[in-house]
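Protein sequences appear in the order of chains A and B.
Position in the first sequence (from 1) plus 61 gives the number in the working numbering.
Position in the second sequence (from 1) plus 373 gives the number in the working numbering.
Here's the structure, in structure tokens; my notes come after.
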Amino acid sequence: MASQTKPVLHGYYRSSCSWRVRIAFALKGMEYDQVPVNLVRDGGQQLTTRFKALNPMQQVPAVTIDGFTLSQSLAIIQYIEETRPEPHLLPSEPKTRAQVRMICDIIASGIQPLQNLYVLLKIGEEKIHWGQHFIQRGFEALEPILVQTAGKYCVGNEISMADLCLVPQVYNAERFKVDVTQFPTIKRLNETLLQHEAFKTSHPSCQPDTPDDMPI
Amino acid sequence: MEYDQVPVNLVRDGGQQLTTRFKALNPMQQVPAVTIDGFTLSQSLAIIQYIEETRPEPHLLPSEPKTRAQVRMICDIIASGIQPLQNLYVLLKIGEEKIHWGQHFIQRGFEALEPILVQTAGKYCVGNEISMADLCLVPQVYNAERFKVDVTQFPTIKRLNETLLQHEAFKTSHPSCQPDTPDDMPI
């Protein structure tokens, strides 16, 4: 099933959605190339005609893999999961699978889209408050859910897509100065996951396009 | 599948989704939440995929990985890229400019979705079988119409929506004929 050509990730070092995909590649032990798309330089490289042809939503990540291009991080990750099954990023039991997806969607639909660059630019002056608000709200919902579902990781004791979504969102929370100590389970899970090799090698601080003078 | 409905009026009483009782079902204080097989789930696509995986017929996802991924991509463009930016909570925070705001994000999302659907669609969003993508599209077109977005700009979206609205499942589930649909239903 796997193609001879390496997958290509079009992403940005600090894009939390791109980071989710980088973690997936790392966990699966997959080599891939990166084509950085700088969301800030040149007015935003995601707005070029060339990139729009890859992803009409003009967002990162987009991944070219097995001869075609996909966008939307969770669609990409589940494609990788279904074509390169080891190690599993979703449990096999339907209820816990559903809980993984629910946690992913709270983050990927309920938090991140409300604090991504495009929206913050539209909000303007109030953008920090706006971003803080939606992260705070989302984490207030996520914490009691994770209290129920989490073992060593977000759902039970195996790393899943939920963990791939959580860590980049905590990174964003810290950028927005949301106090994550309010959420002890989120904090604990994040700290555990950041010790894992795949989360370290994929971290925004050490990507090909990470600036030397990287702002936090 | 038969199911019961417990309406949660998002507008009445300051928003019934904000009650302590409902918050216990869904800490995000949003609909839908589904209690099924002894537990409660939120997030519509998590719910739908649980149903798909436990009641497999008819399939709502193709079996081929690439087209499965395309279905999910289309769902996520709608469920992450459009709808969250125009849901009630966000519109209340935006305030006066909410109509423009909602129109903007629907317009933007449909401008991206149209060329994607041109590539993927047969009779339905992806090929010739109904999938989760169709389940996401039709309600989003309904929202687009509420926000007065001109859907004729998007011929594939328009065609798919019209086809799907003829299907029994899309008719019986339509907002106009639910247990909690008001008699004087605003469009």
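For glycine and all other residues, C-beta sits at the position ideal for the given N, C-alpha and C.
Note that this is a predicted model, so its numbers are computed, not measured.
Query: Who are Ser132(A)'s beta bridge partners in DSSP?; Result: Ala123(A)
Query: Compare the C-alpha of Phe478(B) against each of Gln456(B), Thr493(B), Ile489(B) and name the closest.; Result: Gln456(B)
Query: Compare the beta carbon distance of Ser221(A) and Ile84(A) with 7 Å and say whether it is the shorter of the two.; Result: no
Query: Apply the 10 Å Cβ neighbour rule to Pro122(A) and answer buried if 16 or more other Cβ atoms are within range, or exposed otherwise.; Result: buried
Query: Since Asp553(B) contacts Pro380(B) with CB under 8 Å, what's their CB separation in whole angstroms?; Result: 4 Å
Query: For Lys67(A), go through chain B and note every residue whose CB falls closer than 9 Å to its CB, in chain order.; Result: The premise fails here: Lys67(A) is roughly 18 Å from chain B at the closest Cβ pair, so nothing lies under 9 Å.
Query: For chain E, find out if any of its Cβ atoms is closer than 7 Å to the Cβ of Tyr423(B); answer yes or no.; Result: Here chain E cannot be found, since the structure's protein chains are A and B.
Query: Compare the Cα-Cα distances from Thr246(A) to each of Gly212(A), Val161(A), Pro269(A) and report the closest residue.; Result: Gly212(A)
Query: Give a yes or no on whether the C-beta atoms belonging to Asp270(A) and Pro97(A) are separated by under 7 Å.; Result: yes
Query: Do you know how far the Cα of Asp556(B) is from the Cα of Asp377(B)?; Result: 20 Å
Query: Using 8 Å as the threshold, is the stretch 187-202 of chain A in touch with the stretch 166-176 of chain A, meaning 3 or more CB pairs across them?; Result: yes
Query: Between Met401(B) and chain A, is the shortest Cβ-Cβ distance under 7 Å, so that the two count as touching?; Result: yes
Query: Report the neighbours of Lys156(A) on chain B: residues whose CB is nearer than 8 Å to its CB, in chain order.; Result: Asp410, Phe412, Tyr423
Query: Nearest to Val522(B) by alpha carbon, out of Gly482(B), Tyr497(B), Asp507(B), Gly500(B)?; Result: Gly482(B)
Query: Is it buried or exposed, Lys89(A), if we count other Cβ atoms within 10 angstroms and call 16 or more buried?; Result: buried
Query: Can you tell me whether Asp166(A) is buried or exposed? The criterion is at least 16 other CB atoms within 10 Å of its CB, across all chains shown.; Result: buried
Query: Pairs of beta-carbons, one from the stretch 422-434 of chain B and one from the stretch 179-187 of chain A, closer than 8 Å: are there three or more?; Result: no
Query: Going by the DSSP bridge assignment, what does Thr413(B) pair with across the sheet?; Result: Thr408(B)
Query: Determine whether the Cβ of Arg162(A) lies closer than 7 Å to any Cβ atom of chain B.; Result: yes
Query: With a threshold of 7 Å on Cβ separation, who are the neighbours of Ile137(A) within its own chain once the five nearest residues in sequence on each side are excluded?; Result: Val82, Pro122, Val124, Leu131
Query: Give a yes or no on whether 7 Å exceeds the smallest Cβ distance from Gly185(A) to chain B.; Result: no
Query: Please check if any C-beta of chain A sits within less than 7 Å of the C-beta of Thr392(B).; Result: no
Query: Would the beta-carbon of Gln133(A) fall within 7 Å of that of Met374(B)?; Result: no
Query: Here's the rule I'm using: 16 or more other beta-carbon atoms within 10 Å means buried, otherwise exposed. How should Gln139(A) be labelled?; Result: buried
Query: Helix or strand or just coil, what does DSSP make of Gln197(A)?; Result: helix
Query: Do Leu135(A) and Asp386(B) have their C-beta atoms closer together than 7 Å?; Result: no
Query: State the beta-bridge partners of Asp94(A) as determined by DSSP.; Result: Val69(A)
Query: Report all residues from its chain with a CB closer than 8 Å to the CB of Val161(A); omit the five preceding and five following residues, and keep chain order.; Result: Leu151, Pro152, Cys215, Val216, Ser221, Met222, Ala223
Query: Could you check whether the Cβ of Thr144(A) sits closer than 7 Å to any Cβ belonging to chain B?; Result: yes
Query: Do you know how far the Cα of Leu533(B) is from the Cα of Ile273(A)?; Result: Note that residue 273(A) is Asp in the sequence shown, not Ile. When rounded, the distance between both Cα atoms is 49 Å.
Query: On the DSSP bridge assignment, give the partners of Ala211(A) in chain order.; Result: Gly217(A)
Query: From this set, Leu254(A), Lys238(A), Lys248(A), Cys226(A), which residue's C-alpha is nearest Lys188(A)'s C-alpha?; Result: Lys238(A)
Query: Chain B beta carbons: is any one of them nearer than 7 Å to that of His217(A)?; Result: Correcting the residue type first, residue 217(A) is Gly in the shown sequence and not His. Output row for Gly217(A): interface = no.
Query: Short check: CB of Tyr73(A) to CB of Leu100(A), under 7 Å?; Result: yes
Query: If I'm right that Arg441(B) touches Glu143(A) with Cβ under 8 Å, what's the distance once you round it to whole angstroms?; Result: 7 Å
Query: Taking Gly500(B) as the reference, give the member of Val444(B), Lys396(B), Thr408(B), Asn399(B) with the closest Cα.; Result: Val444(B)
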